[in-house]
Each structure stands twice: as C-alpha cells, then as structure tokens.
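Step one of this worksheet: look at the structure below.
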Amino acid sequence: MSIQEQYRKRAAELLASGEVKIIIGYGAGSTPDRRRALFIRSADDASLLHVDAACDANLSGYLVSEGLLSDRKKVGIFLRPEGIRSVNILAAESQLDPLQIVIIGFNVENGSLAALQGSGVNDFSSLISTLKESRSTPEEQALIEKIEGMTPEERFAFWQAEFSKCIKCYACRQVCPMCYCKRCIVDNNQPQWVHTSSHTLGNFEWNLVRAFHLSGRCVECGGCDRACPVNIPLRLINRRMAQEVLDAFDHFSGMSHTQEPVLASFKKDDPETFIL
Amino acid sequence: MTKILLRDRLDDCISRWHAAGLDVIGPVSKNNISQFDTIQKAGELDFGIILPDRTLKDLFFPQTEPMFRYRIGKQQIDTEEYLPPGRQRIVFGARPCDVSAMAIDDPLFGWDYKDTYWFKRRTETVIVTIACTSADEFCMCTSLKLAPDSPQGSDILLRPLEGNRGWLVEELTERGRDAFSLIEGLLENATGDPLPLAVVPVKFDLDACREWLQNPENFESHFWKEISMRCIGCGTCTFLCPTCHCFDFQDEGDTYTGIRRKNWDSCSFALFTMHTSGHNPRSTQSARWRQRIMHKFNYFPGKFSLNSCSGCGRCTRECPVDMGITETLQEITKLSK
Amino acid sequence: MSEPFEPKIVAFVCTYCTYAGADLAGTSRLKYPPNIRMVRLPCTGRISPMFILKALQKGADGVLVSGCHPGDCHFTHGNYHARRRWTVFRALLNFTGIPLERIRFSWISAAEGVKFAELISSLTEDIRKLGPFDQYKAMIHETETPVSL
Amino acid sequence: MAKIGVFICHCGENIGAKIDCTKLVSAMNDHPGVSVSVEYKYFCSDPGQENVKKAIREHNLTGVVVAACSPRMHEATFRKACAEAGLNPYLCEIANIREQCSWVHTDQDMATEKAIEITRSLIEKVKLNNELQPIEVPVTKRALVIGGGIAGIQAALDIANAGQEVVLVEREPSLGGHMAQLSETFPTLDCSQCIMTPRMVEAAQHPKIRLLTYSEVEQVEGFIGNFKVRIRQKSRYVDMKACTGCGDCIQKCPQKKISDEFDCNLGKRPAIYTPFAQAVPNIPVIDKEHCTFFKNGKCKVCQKVCETDAINFEMQDEFLELEIGAIVVATGFQIQNTAMYGEYGYGKYADVITGLQFERLASASGPTAGKIKRPSDGVEPETIVFIQCAGSRDPSKGVKYCSKICCMYTAKHAMLYAHKVHGGKAHVFYMDIRAAGKGYDEFTRRAIEEDEASYLRGRVSKVWKENGKLMVRGVDTLLGKPVEIAADMVVLATAITPQPDAKEFAKVVGIGCDEYGFYNEAHLKLRPVETATAGIFLAGACQSPKDIPDSVSQASACASKVIGLFSRDQLEREPVIAVNNESTCSGCWGCALACPYNAIEKKDILSRSGELIKRVAFINPGLCQGCGTCVTFCRSNSIDLAGFTEKQIFAEVMGL
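Protein chains in written order, with the numbering used here: chain A, 1 to 276; chain B, 1001 to 1337; chain C, 2001 to 2149; chain D, 3001 to 3656.
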C-alpha cells in the first residue's frame, strides 16, 4: 500500500470510528500540480485525500475557524512538522485545546513523502527538538547573508523596492496560522498606528509590524511567502527574526504546547549589549 | 487596405510617441513581478507572458491615490486638490480581457457622479490591445462571452502575425487612429495571416448561473458555506481583478496637515462592512464570498447589463488557497442543471 | 552658505528613571543640545515599537528609547520585557535597513543627570554627522505626491 | 470641540530669561483648539493658580496645559487647582519647559522653538485626555499575620489594639519563634522568655486576634483590601477544645528519645509534646512520624491516660478560606547549616555547637537548666572559643551579607559564660565588631573589659581534637601571629538565612525575594516595610537579618500601615490603569504572563443562554499598577492604559 493509501485508510478509520468529526486535509487542486485544503466528514470521502510532496500549505490556521472546536469534538488534520509547531503555539496561546486535535503527520524530505508516527502534539516533541538542533540551512540563507552584507542604505533600498510592490491584500496575514487576532492592529483606526494605504511607507510599516508580531511565533512554513501575489520574499524576514530569537533567547517557536511566548517572558540576564 | 506594424519598428514608434509628448506604457517584468509600467525602449516590454501579474486598472484606478491635502488652521481648514498629472499616454500590449474590464467599469464610474480621476485618465490614454494567441488553464474570457480578440475598450487591436514579426493593425476608435497617425510612415501597407487565436474552452454556463443567482431561494443555500470553506478572506482576488472597483477613504496626517486618500478596498475583508457599533452584516466569509459572486454576476449585470468580470482568471491563478470564480460558477452551473 | 543641519530627535522615556534623570540634568544646570523632544511614559514596558515608527514618520532623524536600569524598574520588570522587544525590533530594523545609529536605547537612572546630558550631546552629534534620514523622508514624500502612472 | 487653556509660567527668570514666553503665548494662541493662552510670573503661586481657575471658569475649558517646571514638581498642584475650578484633574498636562528646556539649553531661539513644540504636543495629548475618577476599592478590615515570632506577635497586637481583626498564623505548634529559644537578650540581658511569654499569652487571648497555630498559608489570591487566603490547619491529633493542657499524655508517652528541635537537638522529647513548657497554646501535638501508634498500629497510651478524651487519631487537616484586607509577612529566618566548614568540625565533634545551641544551654528552661555543660560529657567547659562570621561575609563558602546580630550575641554569650562559669575563659575570633545600636558598643566593651573575654581579630583555620581538647588554630591579625587555643567547647556564630521554603512561599503570597530568599521591600529606603504587591507588608528577619528591636519596630511600622489602610472603607487609587477591549481581545494571555502584578485574569464571555462565546483578559483594577507592559504586548491593540492611551501618545507624537 502506498503511503498515500495508508493515510487515506487512517483518515477513513478516524471518521468511521467517530473519533474525529472532520478531517482537514489536502485534495486535488485546479491544476495537476496544485493541492488545496479539503474538509471531509465522511469516511467515503477519504479517497479524495491527497498526500504528497505538493501538499505544502500549513492547514493549522483552519483549526481556529470560528466555531470549529467549540463543540469539544475532535478534529483530524494533516500537518507537516511546521504545522505541528503551529498547533503547539496556538495551544500555548490558548487558541485551542491540543487534546482536541488529532494530528495526521507527514513530512517531505528531499522532495519525497515521509510518514510521521503519532497523533497528539506530545508525540512529536522529540521530532521538534531535532528540528531545533539541526536547523536546516534553506536556500534563502545565502540571500539573507547577502542582504546582511549590504550597507544599511542598500538594505533599505532592497526592501523599499520589495515593499513598494505590496498591495495590502493581507494574504500574508490571512494565510498565517499565527494571525488569528480578532482585530488586526492595522484594522484599528483609533489610533491608526499602521497606514492602511499601500504606499511604500504604509507597506513598510505593515510588513515591519507583522514581522515583529510574528517574532518568536513564526514556524517558517512559508505560507505568507507563497501567498503573496506580488512575490515579496517575506520568508527572508521571518527567517531572520526566527534566527534572532533563537540566538538571543534560545527560543525555537512551537517547541511545546506550554512554551511561554518569547515577548511575554524574560530572563534577568537576557543579552543587552546594545543598550547604552 | 490593412496595415502591419512590424516588431522591429516598435522602437521607432516609441520615439515618435515620445516626441509627440506621449508616455508609453506596457507590460514589464522586473523584480519578480509583471505589471504595466512606463518604458523607453521596446526591449523593456515582456511579450512572453499571457497576462501581467497586475491588471490594467492600476493605470486608471491606482491602489492608493492622494485626493487633496488639508491644512488645519485655527479658524478654518484649507484644502488643496490633487489631480492626476495629466499626461497623454499610450498603453501598448494590453490584453483584451484587461481592456474589456475598463469598458465594464466605465458605466460604474460614470452612472451618477462622474469620477474625475477615472475619466481624466481614461481620456488621456490610448489603449493598444494585442489579441491572445495563447492561454493558460485559468483563462476564461469565452465563458464570459468575450473572446481572445474582444475589441471592447480598445482603441487599437493588434493581431499577432506568424513568426513573431509584427501585428496586423485594426484601428477601432478616433483616438486610436490619431495615435497611430503619429507613426504613419512606420506601418506597412500590407496584409498577412494572423496567428490563430488562443483556444479558451467555455467552463461554465453564464446564463444558467445568473438565473440560479437570481433565485432568492439560493441566497441562503448551504452551497455558499461549502464552496467558501477554505477561503481565508484576503484581498488577492479583489486587488488582482481588473474590474473590482471598491474603495475607501483614509485621512493620513499629523496635527497640522494631512492628505485624504482613496484606497482600494475589498469585499473579502471582514472590515469592509463592519459597522461602528461592532455589528457586521456580512459576518462570515461565506457571506462575503456570496456577495462577491452576486455582485459580479447578478447585481452588476442587473444595473449595467454587463458582467463585472472579463475572464482574465487572475482570481484563480493567484488565490493562495486555490479558489476562484471559475470553480464557483462551474459548481453553480451544475446546481442549475 | 547653508545652515548646519539640525537633526530632529524624539525620545520615549519612562517617568521614574530617565525622565527624572533629565530633570536632574536640568536642576544641575547641565547643558545639552535642544534637538531632543521627550515623550513621557509610565514605564519602558509601555513603549511600543509603533512609537518609533511614528516618530520616523514625523520626520525624526533619530530616536532614543530609555528607561530604568535592570533591577530598578518601578514596576519591577517592565524594563525586562522592554529589553526583549527592543532586541527583536532592533534586529528587524537592522535587517530592513534602518541604520541602528539612528535608533538608540539606554538605561538612565534618576540619579544619572550627567549621563543623560552626555548621551543627548553625543547622540545629537552622531546624528548630525549622519545627516537627515533622507531614505525615510523619500518614502514620506512619496505619500504626498500624486500617483505618476 | 476642544477648548484648551495654555498657561505659560516664567518661573521668575528661570524660564522667562531663556525662553521668549510672549512668542510662546502667541504660538499657542494660533494653535487649533486653544481658547486662551496667557503668561504669568509664577503660576504655582496662589494668585497664579487663581488665574488658572478663573480661566477655566471663564472660557469653560475642556483641558489645561501648564508650560512650567517638571510635572514631578507641580503636576499635583495644578491638577488640584483644576479640580477646584470644576475641571477633572486628569484633564491637565504639564509641559516641562524648565528642567528639560530653559535650564539645559543655551540658544534662546532653539529653546523657544523646543518649548513651542513640546507645549503643542501636550495640547494634542490633553485634547484626548479622558475624565478619570480615582478607583475605589472596598477594604476587608481583617489582617493576616503570617508567622508567630516576635515580629508577627507585635504586628498582630498593634493591629488588634487598634481595634482591627487579626488572623495570626504560625506553622509550629506554639507561638514564640526563635525569640522563645533565646536565654537572655542583648544589650540588657533580660530573660527572653520573661519578656516574650506575656506577649504570647496576650496575643492568644486578645479578643481581636484569631490564633491559628500548627497552620500554614497555602494560597493567596486577590489584591489589596480583598485577598482570599487559604489556610491549612494541620491535625494535632489533640482536640484543642477538650485538652486542658494537664500534660499527662506527655509524661506517659513511651517514646521519649526524639531529638528536641526546640532545644536544637541538645535534648529529647516524647512523640506527643509541646515545644516548650510555656507554649501557647499549651496544647500538645502528636508527632506522627515518631508516634508508636502511627508507626506500628499499637500503643495509644496517651489516649488511655487522657481524662478529657482529647486525643483523636482520626483527626484530619482542615482548611480555612478567609477574606483578608492586608497581609503582614513575618516568617522569620533559620540559621545556616555550617556543614560547608569541614575544618570547624561541626557535626564531627559534639562540643562544636552553634550560637543557638549555646542559647539553649544557657537558658534556664533548656536541656541543662541553664548550666553550661559540654554536650559530649556534661562537663563544665573551662575554655570556650567563639568563632564569629561562621558563614556570614564569606562569599566563597557562606553568604555575602553580614548577619548583623552575631557580634552582639557572641558578646552576650561570652558574658553569660563568664557569669555562669567563674574562672572560665572565653576567646572570640572576629573579623570586625559591628555594634551599632543603642547601648550595643557599650555592651561589647563590657564583655571585653568587665567579663574579660579575649577578642582576637582573625579567622580560625582549623579545629581538631587532641588529648580531649578541641584545638583551635587561628591567627591574631593584630599581633600578626598564629594562635592555637586548647578549648573545651567551640561556638560558631552561624549566618542567618531565609527559611528553607522562603522562595516557594514568596510565590504563594505573590511577593518578590532576593537571590537568598529574603523578601523584597518596595523600596529599600523609602518603602522598607511595603512589598511591591500593594497590601502586603514585611516584618522581621524574613526581609533581612534583624535583631529584636529592629524586628519589633518594623512590625509596629507594618501595623501602622495596616491600620492606616483599614482607617478607610474604600481605597482610592490613581486611575492610571490598563483596560481591555473585550470585543477585540483574542484571549492569547500573553498580557497575563507579562503582567508584573498578576493583575490579569481570564474572563468568560457568555451568551444569553449561558454558553461560552469566548474567553478574554480581564484586568483587575485593584491589582493593576499602570505600567502598560500589557498594552505594548497586545498584538491586537485591545488593551489601553488610562492616562497614557494609544490615542493620546499618537496625538502627542503627531503634534511634535
């Protein structure tokens, strides 16, 4: 049986036994190379599920859809390791009860599908520890280093050119599992801290604030980067900020469902070499 | 007698237009995005793409536009109006779907109050459209009863010739003729066989859809919830739609002075209909998606006898969760049968 | 001959330490350049990164954020939280090309009037040398200009 | 529509000579929303304040900005003046154009320009100020005193004597604490128990004091005036109402070989016992760990001999939930274990003892009935070496701080020894003699001069046994010579350290402590008895090492704070507190974690039918101190801080 068949079987069993009321997985997309979120409630529909290397979306954001979890029934969800970390953060930030989530974990390694064992968030804690210890060097690392090697003026110009493209469609925010706020700060006009206009200044402010709010929370699933219709390399910023909280505070987001948010906690001996 | 514009004459044409004081604008790909931008040389144009990522409406209805500056004085508030710079422009290489969209929005911006900004730019712009000889799986102009060579909105329509050597010129309007009179000697008086048009299959039954949408019973159909379940409520489809035209006003400034701006808005955003009281009449994403479809294919045609969609397919092409108008209307077509 | 560039510097300070330290600089009749504008907050814990962005929008060429030394916070640990935020926000500013010479952080106690006066003097001088923050000002200018296309 | 009054103070020459106040006035008069702007020589003077009040009334002002000295000087003055003119005091802001402008800048034009800008920006702020009312919090007039040593007893008595209810909690079976263990007290050499026990009895019998011995505080919730405290009353296995305190059970208990903690393990006690003869209450407890019945299931001798049927082996711990308005923490100290000084031989040689053990030897109620006898063989020691700073002031092995009382009690020990053992020789090794206090230095001089204690300035390097003697090798740094003394007994002045569970208990109560576990005061100099948590106070050695007079003083200071608090039915607090917008809150709880005061609670938002809609943050106005850390944390911008709102600060910056 192929890995995909095994997953379909497991999903069918979960639904048939009544353990979960719904499964959030991937189905066929509008083109052969696209996968899209699929919500199935019946074991018969398990055959519609796809599990393969093209399943790149982090579906965990759907878990906090209004009303989904309020009946206390369990929900099954297909997640890659980043998605599992997202679930940990959502739990740590009281957005969901991890006991309600049945994780159907999978990974994509070197372009091919690999099954993950376990179903509760704690089942994956050693996997996540391994991820922290062996943080891979993604392809964008070279670009990050290139940017860091620039003068501030060059860096500013680089980002100015990127942010000038932004159309404030907020796809980055809407696709992000961490952007569950009932009201985004940009939607607060009393006062209007962040310009809503999509001129470069407003775009700069928006992207900075979003990156700040994601610091120590982003799991680098790449969702925002893929969603951006004007191709702003958002992953670069998020990756850089993840590195910062790791270096400065030894914080790897989504380690566990009890992890303290990095900006709501502190250590007395946190680094402060920059403070005069 | 038909005329041909040869590709290798394009630089000369651009020079002539420049000399006549026209800005030349066309699809340009740079910095990982393709969009309409001013050009100096033909080489800057990207003819390799089916459609630029961003739409033609950017040129007439920019995403953010300053309308006036205000200065707050002790006794009164002074204002200073901002108008578009008022330059004559020629757009070279737009696609029929994008250009049709401008024609779709013309009545919208002019049915009551005539939008100064829109019409000033419309009258200052000559649009040279190139008919499509290729399409992708998202293109759907034919489903909207348009075609890869629809003339609506265009001043000139070009049909690509074999071997990429140039275009067969069709002058559609007075303004188009005027603009092309500037390049009189650069056109060949000849004829040729245009390349076959792109084949764009019809994907849904527009009339059946409209009928279904008009049936009040379907307004509360469970279908809307199901079809929009994965919608995340971003503005990608709106902002990359050539016909979407909703906007919002925003005052930006400090204590002493500021600017009132007109910004794009999207019916996909929860904030779009949020009342000050906190009540939101379209409180769910399914209601917002329904509104989008209803507006485009029921209310807008009801008022203007035009669909507020020209079939460019960007909504589906760019949707972060692989949704879009096509899928919804295909499902509605099924439901209506 | 052009006039020397007078930078605009906005400071966000806590009332218990740095604001009091600035008062002490005053009562001690120390001298420092008049380019600084202070915004008084109860605690560094109250100082949001948004304040820094808004100061830049208002044309600040430099920003100072200052509060109580670690362990001295009137509210016991508002400054420890602030310090983490600053670390993160500073990395973000740096990565996006805001020169860190323009955004400075300090601990100044109610007793450090001298430190306050010296810091403002050196900060003003540093920013004067850097010149106006033209790149940011160009973005502000864009918001005031009609769309060209 | 805003009608702002702007008052520019010259402060005599202080502002007037540097800043062009007339230009400032005209600039303010040109500013939108300003109804009136005037200058005056001294606005803080009575006529100056009258000007402000008159302007408020005449122009019906909605806000006031006074451009003058620092708000730290006269904000209160002008807020009061506003209130007197009928304007909410929080609609007044101060632009600091003196300390932060006229006094520090030399260029008149630039100083004036700066004054204009800062005054304008505060006009913009004040336009958005809200009328705030002081927060009123009801006060439960019942104090909890934790710890029944001298500090706790003193605090309890002072509060109770002022007519307020007190709950006094002691975890041991009896009141008394360490002071009850002492023999005599410096510098007067009066008998500790003679002065202590009447206090214990008074506390126990006081109609306003509810005494809970053998009880522990397990949970503290709430805030000033409104604490909820959970107390565990440990089971004594003796019915306190039935017991007459006759002591028959103690006499008859067959298990008599238990090391007596009260006597610092120098004596023995039975399994049913009172810690000491004058215990208050005089009701025994059964030591479950050593009781034969609890160990083997057989015995019950005590039950058989008890005439009032007071023994109950089935007794369970009981819990009390009390509402409390203020808390005095007086949990005391312990003495440091000196095991780290292997070279002193404590634990190895029976005759190397601690100062507290010496107290028990010298005490008339102690194991030797006040006779100084060596623990090893009961022989009277002819020579005793006292080693001071056996742990204190020793960063490498002990603690960094000075334990404060050791110099004095060592001098006292030397004296007591001289008085009890005629011809006995006392040697004292010391680092410094710290005898600051009323009659203290005279006291140590008496030990040296009258009672002939030999004081040697230096450290002891080794103690070993040789020919039945304890050989003490040290150095006399004044003579610059090594010294060896053959002693019969060695007494170590061990360091005072916090109670072993002090750090955990700090968390229970919700107060801070230092690296050792001593509790933190709100301000070492200006608020030495308050903690950072409003309504919780500190008395005695739980804060830092203290002698009896200091502990008693601090206890009385705590009492006065508590009585002051209870003198009002409502507490008024500055209304600068955080408020949460429940409709936009996502309930992520980061704010609750970041709050230094545990002021943020979870609040359920229910539908009309009682179903949970969402869970949001609720900021308790009684606990919030207004730092604003939560406001900055809140990603959805749902929390705001009254007096320093997001809108106000935005306007202030935009007005610059």
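Note that the Cβ used here is the ideal one computed from N, Cα and C, for glycine as well.
Bear in mind the structure is a predicted one, so any value in this text is a computation, not a measurement.
Once you ignore the five residues that flank residue i on each side, which residues in its own chain have a CB closer than 7 Å to its CB?
| i | result |
| --- | --- |
| I3448 of chain D | Y3455 |
| E3084 of chain D | K3053 |
| C1244 of chain B | T1238 |
How is residue i classed by DSSP in three states: helix, strand or coil?
| i | result |
| --- | --- |
| P3375 of chain D | coil |
| F3633 of chain D | helix |
| S3461 of chain D | strand |
| K2115 of chain C | helix |
| I3019 of chain D | coil |
| P2049 of chain C | helix |
| Q3554 of chain D | helix |
| I3511 of chain D | coil |
| N1263 of chain B | strand |
| W2107 of chain C | strand |
| M2001 of chain C | Residue placement at M2001 of chain C is poorly supported in this model, since its pLDDT is 47, which falls under 50; the coordinates are not used for a value here. |
| Q3316 of chain D | coil |
Once the 5 residues before and after residue i are set aside, which same chain residues still bring their CB inside 8 Å of it?
| i | result |
| --- | --- |
| F1297 of chain B | L1206, C1209, R1210, L1213, N1307, S1308, C1309, L1329 |
| P233 of chain A | E140, L143, E162, D225 |
With DSSP as the reference, identify every bridge partner of residue i, one or two as the case may be.
| i | result |
| --- | --- |
| E109 of chain A | A:S112 |
| R3269 of chain D | D:I3258 |
| W1167 of chain B | B:L1005, B:P1160 |
| N3598 of chain D | Its beta-bridge partners do not exist; DSSP assigns none. |
| E3471 of chain D | Just to set this straight, residue 3471 of chain D is Met in the shown sequence, not Glu. Paired residue(s): D:W3464, D:A3486. |
| N3096 of chain D | D:A3068 |
| I3311 of chain D | D:V3238 |
| I1130 of chain B | B:L1158 |
| K3039 of chain D | The amino acid occupying residue 3039 of chain D in the given sequence is Glu; Lys does not appear at that position. The partner list for E3039 of chain D (beta bridge, DSSP) reads D:I3008. |
Considering Cα atoms alone, identify which of the options is closest to residue i.
| i | options | result |
| --- | --- | --- |
| A3002 of chain D | D:Q3049, D:I3056, D:V3052, D:Y3042 | D:I3056 |
| C176 of chain A | A:A211, A:M1, A:E272 | A:A211 |
| W3464 of chain D | D:P3270, D:N3312, D:G3347 | D:G3347 |
| P1096 of chain B | B:G1278, B:P1052, B:Y1117 | B:P1052 |
| A3081 of chain D | D:Q3625, D:A3095, D:F3043, D:F3566 | D:F3043 |
| D1178 of chain B | B:E1162, B:I1156, B:L1056 | B:I1156 |
| R3635 of chain D | D:E3646, D:G3626, D:A3418, D:C3627 | D:E3646 |
| R1016 of chain B | B:Q1040, B:S1029, B:I1004, B:E1327 | B:Q1040 |
| E2006 of chain C | D:R3142, D:N3029, D:A3111 | D:A3111 |
| V1199 of chain B | B:K1262, B:C1139, B:W1111 | B:C1139 |
| C228 of chain A | B:I1014, B:N1032, B:G1253, B:E1170 | B:N1032 |
With a CB to CB cut of under 6 Å and the five nearest residues on each side skipped, what residues in its chain are close to residue i?
| i | result |
| --- | --- |
| F1204 of chain B | S1143, L1329, Q1330, T1333 |
| N207 of chain A | F163 |
| V3137 of chain D | G3225, L3571, G3622 |
| N203 of chain A | F163, C166 |
(Q) Please identify, using Cβ separations under 9 Å, the residues of the segment 3016-3036 of chain D that lie next to chain B, in order along the chain. (A) N3029, D3030, H3031, P3032, G3033, V3034
Q. Any residues in the segment 1231-1260 of chain B with a beta carbon nearer than 9 Å to a beta carbon of chain C? Which ones, in chain order?
A. E1252, D1254, I1259
Q) Between the segment 1064-1079 of chain B and chain D, which residues of the former have CB atoms less than 8 Å from a CB of the latter, in chain order? A) I1072, G1073, K1074
Q) Between the segment 151-170 of chain A and chain C, which residues of the former have a C-beta closer than 9 Å to a C-beta of the latter? A) T151, P152, E153, E154, R155, F156, A157, F158, W159, Q160, F163, S164
Q: Mind checking the segment 3188-3221 of chain D against chain G and listing, in chain order, the residues whose C-beta falls within less than 9 Å of any C-beta there?
A: Chain labels in this structure do not include chain G; the protein chains are A, B, C and D.
**Q.** Against chain D: residues of the segment 250-274 of chain A by CB proximity under 8 Å
**A.** E260, P261, L263, A264, S265
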